[in-house]
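Presented below is the structure to which this report refers.
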Amino acid sequence: MKIFAIADLHLPAQKKPMDVFGPHWERHFERISQDWRERVSPGDVVMLPGDLSWAMTLAEAAEDLAAIGALPGRKLLLRGNHDFWWSSISRVRDALAPGMFAIQNDAIRLGGAVFAGSRGWTSLSGEAADEKIRQREKLRLEMSLKAARALGEDAPLYVMTHYPPLAPDDKDNDVTAMLSRYGAKCVAYGHLHGSAIRYAFEGEWRAVEYHLVSCDALGFSLRQIGEEPGA
Numbered sequence: 001m002k003i004f005a006i007a008d009l010h011l012p013a014q015k016k017p018m019d020v021f022g023p024h025w026e027r028h029f030e031r032i033s034q035d036w037r038e039r040v041s042p043g044d045v046v047m048l049p050g051d052l053s054w055a056m057t058l059a060e061a062a063e064d065l066a067a068i069g070a071l072p073g074r075k076l077l078l079r080g081n082h083d084f085w086w087s088s089i090s091r092v093r094d095a096l097a098p099g100m101f102a103i104q105n106d107a108i109r110l111g112g113a114v115f116a117g118s119r120g121w122t123s124l125s126g127e128a129a130d131e132k133i134r135q136r137e138k139l140r141l142e143m144s145l146k147a148a149r150a151l152g153e154d155a156p157l158y159v160m161t162h163y164p165p166l167a168p169d170d171k172d173n174d175v176t177a178m179l180s181r182y183g184a185k186c187v188a189y190g191h192l193h194g195s196a197i198r199y200a201f202e203g204e205w206r207a208v209e210y211h212l213v214s215c216d217a218l219g220f221s222l223r224q225i226g227e228e229p230g231a
């Protein structure tokens, strides 16, 4: 069971052309889909840490969710800051095709690994409102990590966050400490685009591997971040 990750698909449910952000975005989902079909088998896992669709409602997102669902492998979805279509978790799950799973305050076990995640947030602005959201997201992440460990105390733990949980000048923080404490193996995150990509931290910190997987950072191809026994 290979484990892949890619974030920020930004599918055009509202026909928003992504090449307004640069010519490198032209036909970006066609390129991602081609790479996906060539590399992912039905038993593999693809982690999708947020910003899946520009849709504003779940009905508008249906076409994009179907496009993702038609690709091979088992897909794990997480909410990003632009996923306004993500309503109640029960409605989201009811809208997903077989082999698609939404993570929210919980976790899932697939094969020999467990998977958890939360959107995350940043409080770099120093605003009290941002810090309040960040603390709430940290609690949600811990709920998910606890659920994952209940599914497999010693199983390899893969985690998704949409916002970066760390930066080169902010590696030692309460979120990274929690991820280490729960024994996360890998963390895949997105959100960063364009010139911001160079400020990402990638590599190992306190025994946890961190991967920036926003699709433009990956050249619009999936990144394999692990391989575990399948089922």
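If you're matching positions, the sequence shown starts at 1 in full-length UniProt numbering and goes up one per residue. Using N, Cα and C, we set each Cβ at its ideal position, and we do this for glycine too.
query                                                                                                                              : result
For valine 92, the three-state DSSP class (helix, strand or coil)                                                                  : helix
Sequence-distant residues of its chain with Cβ nearer than 6 angstroms to glycine 230 (five each side left out)                    : Met1, Gly43, Gly111
The segment 196 to 211 contacting the segment 86 to 99, beta-carbon criterion three pairs below 8 angstroms                        : no
Inter-stretch contact at 8 angstroms, needing at least 3 Cβ pairs: the segment 168 to 186 / the segment 48 to 68                   : no
Cβ-Cβ distance between histidine 28 and aspartate 51 below 8 angstroms                                                             : no
Alpha-carbon to alpha-carbon, arginine 74 and valine 46                                                                            : 6 angstroms
Local conformation of phenylalanine 84 per DSSP, three classes                                                                     : coil
Whole runs of the beta strand (DSSP E) within the segment 156 to 228, excluding any shorter than 3 residues                        : 157 to 161, 184 to 189, 203 to 205, 208 to 212, 223 to 227
Minimum C-alpha distance to proline 98 - residue among Trp86, Met178, Ser144, Ala66                                                : Ala66
Proline 165 and leucine 179 closer than 8 angstroms at C-beta                                                                      : yes
Among Gly190, Tyr158, Gly194, Ile197, the one whose alpha carbon lies nearest that of alanine 184                                  : Tyr158
Closest by C-alpha distance to valine 40, when choosing among Phe84, Gly69, Trp54                                                  : Gly69
Residues near tyrosine 182 by beta carbon distance below 7 angstroms, same chain, minus five either side                           : Leu145, Arg149, Leu157
Nearest candidate by alpha-carbon position, reference proline 12, set His191, Asp64, Phe84, Ile6                                   : Asp64
Residue closest to tyrosine 189, alpha-carbon to alpha-carbon, out of Pro72, Met160, Cys215, Ala167                                : Met160
Buried or exposed (CB count within 10 angstroms, at least 16 for buried), alanine 116                                              : buried
Tyrosine 163 beta carbon less than 8 angstroms from that of histidine 191                                                          : yes
Residues of its chain near valine 20, where Cβ-Cβ distance is below 7 angstroms and the 5 sequence neighbours each way are ignored : Because the pLDDT of valine 20 is 49, which lies under 50, any placement of that residue in the model is unreliable, and the number read from its coordinates should be weighed accordingly. None.
Alpha-carbon to alpha-carbon, serine 214 and tryptophan 36                                                                         : 15 angstroms
CA-to-CA distance, leucine 139 to alanine 5, given in whole angstroms                                                              : 24 angstroms
Inter-residue Cα distance where the pair is glutamate 153 and arginine 109                                                         : 11 angstroms
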